[in-house]
Amino acid sequence: MYVAYPPNFKTEAMLQFNDAMWASSGGVRQFAFSVTRNSAYPWQSFDANVALHLGHINGAHIGSCYIQSFTNHCGMRAISGLWVRPNVKELGTPFLECIESYLWQMNYTTLIGSDGESSGNGVHNFIRHFGDGWKIVDMGINRRMGKPQSLFYKNMKEDPLSPLFKVSNFIAL
Amino acid sequence: MLSKLPKPDTRATYLIAAANGLPALKVVYEGEVKGSDIKWNNSLGKLTFYVQDDKSNRVLASCHIGQFTGNCGAKYIAHLNIQASLPKEDRAKVLKLIESWAFHETNCSFIVGSDTTYPSNGNTITTILAVGEGYTKFHDVANPNWHHKTALFWKDIIGSKQQHPAVWAGRKVEALS
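Heads up: the sequence lines are chains A and B, in that order. Residues are numbered in the working numbering as their position in the first sequence, beginning at 1, plus a constant of 668. Residues are numbered in the working numbering as their position in the second sequence, beginning at 1, plus a constant of 11.
In structure tokens:
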């Protein structure tokens, strides 16, 4: 499954949902991203960080996450730094679905991450509350923090997404 | 927004005295780490890691070790190659040496990785399955990119009874940062 790429993916871009997507996105209007390094077509084996930022219709920055290559393996990417503002928790699930759908359409099959109880709410707790189809594994104790650490991953192939946010439907700003 | 590339800024060489049935070894790593503080907490980046015979400089093993979420406890391992000509028990020792380096020189508690499993196993997971101890491998999942399958694996370095943290006794002889 190869899809068209967002414009200027090598640098920074801001995409805006079209009206149909906007209607179902729970107030999420803009979806911006930046890539810090060139990547191989189609983002396989690329070694870079991608920052995804969520913007509301009123322009407020209301959430972020980071996607990083993980072992440079095509299909696998790591997710971290995932959050939404506490006052827009209802956007947690749509934002995560948006991220998953976006990455799925970029050919990624599996998202993986790891963090512990010591890092505030943590991405694993975000996923526990807002995610669907994720597996969360108790890894043991983080030796530095002395607290439990989790590994979480989602095989999107096993839990096919409804492509709520079709990349081809984004409008480049 | 992320804006700048991390620069190759990390290189170190360690010497390891002959022990555990292995000859004197040299461990060299080089690469780029961004945002590192004490023992690489909250850092991103990767290192290319070489285990060499100290006398001949023959590379016995190589791999990439890096951060994938910036979390202090977990590192990934990839592109793992250990000389197939080495006896199996020595290959296992070399892998433990790498794990033990991560344990002692970073705050690593967990090693995580992924590799191709179909139509054939990649080098990393082949090595992990052959000589790794204490690893958990998840079931294969189809990857649409090349019509192959991949699998995740991980290891709790501390919790594994097979781990011997004392394997690592490297003496740093060169460090650039």
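Here a beta-carbon is modelled for each residue, glycine too, at the ideal position from N, C-alpha and C.
- Its chain contains Pro34 and Ala35 as the residues whose beta carbon lies nearer than 8 angstroms to that of lysine 66 (chain B), once the 5 sequence neighbours on both sides are disregarded; these appear in chain order.
- For tryptophan 165 (chain B), the chain A residues whose Cβ falls inside 9 angstroms of its Cβ are Ser782, Val805, Met807 and Leu819, in order along the chain.
- Along the stretch 777 to 809 of chain A, the beta strand (DSSP E) occurs as fully enclosed runs of 3 or more residues at 778 to 784, listed in sequence order.
- Comparing C-alpha distances from arginine 182 (chain B) to each of B:Arg22, B:Ala28 and B:Thr21 shows the shortest one belongs to B:Ala28.
- Among the residues of chain A, those whose CB is under 8 angstroms from the CB of isoleucine 169 (chain B) are Gly808, Ile809 and Arg811, following chain order.
- The stretch 742 to 755 of chain A makes contact with the stretch 778 to 785 of chain A; the number of CB pairs closer than 8 angstroms reaches 3 or more.
- For threonine 761 (chain A) and methionine 807 (chain A), the gap between their C-alpha atoms comes out near 25 angstroms.
- Looking at B:Asn82, B:Thr24, B:Gly32 and B:Pro98, the one whose alpha-carbon comes closest to that of lysine 45 (chain B) is B:Asn82.
- Excluding the 5 residues flanking it on each side, arginine 796 (chain A) has same chain C-beta neighbours closer than 7 angstroms at Ile804, in chain order.
- Residues of the stretch 71 to 93 of chain B that bring their beta carbon within less than 9 angstroms of a beta carbon in chain A comprise His75, Gly77, Gln78, Phe79, Thr80, Gly81, Asn82, Cys83, Gly84, Ala85, Tyr87, Ile88, Ala89 and His90, in sequence order.
- Nearest neighbour of alanine 153 (chain B) by Cα position, chosen from B:Thr127, B:Glu144, B:Thr138 and B:Leu140, turns out to be B:Thr127.
- 7 angstroms or more divides the Cβ of arginine 69 (chain B) from the Cβ of glutamate 41 (chain B).
- Here lysine 757 (chain A) is exposed, its C-beta having fewer than 16 other C-beta atoms within 10 Å.
- For aspartate 151 (chain B), the three-state secondary structure derived from DSSP is coil.
- For the pair glutamate 768 (chain A) and glutamine 63 (chain B), the Cα-to-Cα distance works out to about 41 angstroms.
- The bridge partners DSSP lists for glutamate 41 (chain B) are B:Arg22 and B:Thr59.
- For asparagine 823 (chain A), the neighbours in chain B by C-beta distance under 7 angstroms run, in chain order, Val152.
- The contact set of asparagine 118 (chain B) on chain A, defined by CB atoms closer than 7 angstroms, consists of Arg811 and Arg812 in chain order.
- Annotation: leucine 91 (chain B) to cysteine 74 (chain B) spans about 4 angstroms, alpha carbon to alpha carbon.
- When secondary structure is reduced to three states using DSSP, cysteine 742 (chain A) falls in the coil class, being assigned neither helix nor strand.
- One finds Thr739 and His741 in chain A with Cβ atoms closer than 8 angstroms to the Cβ of aspartate 126 (chain B), taken in chain order.
- For the stretch 743 to 773 of chain A, the residues whose beta carbon sits under 7 angstroms from a beta carbon of chain B are, in order, Gly743, Met744, Ala746 and Ser748.
- For tryptophan 165 (chain B), the beta-bridge partners assigned by DSSP are B:Val123 and B:Thr147.
- CA-CA distance, leucine 764 (chain A) to lysine 825 (chain A), rounds to 16 angstroms.
- Assignment of beta-bridge partners to lysine 86 (chain B) by DSSP yields B:Ile122.
- Counting only the Cα atoms, cysteine 766 (chain A) lies some 31 angstroms from glycine 133 (chain B).
- Among the CB atoms of chain A, none fall inside 7 angstroms of the CB of threonine 138 (chain B).
- When rounded, the separation of the alpha-carbon atoms in glycine 56 (chain B) and lysine 86 (chain B) is 10 angstroms.
- Beta-bridge annotation (DSSP): serine 769 (chain A) is not paired with any residue.
- Between threonine 161 (chain B) and chain A, the shortest Cβ-Cβ separation is below 7 angstroms.
- Cα atoms of histidine 158 (chain B) and isoleucine 88 (chain B): separation of roughly 23 angstroms, rounded to the nearest angstrom.
- Annotated three-state conformation of serine 73 (chain B) is strand, per DSSP.
- For lysine 99 (chain B), the enclosing alpha helix (DSSP H) stretches over residues 99 to 116.
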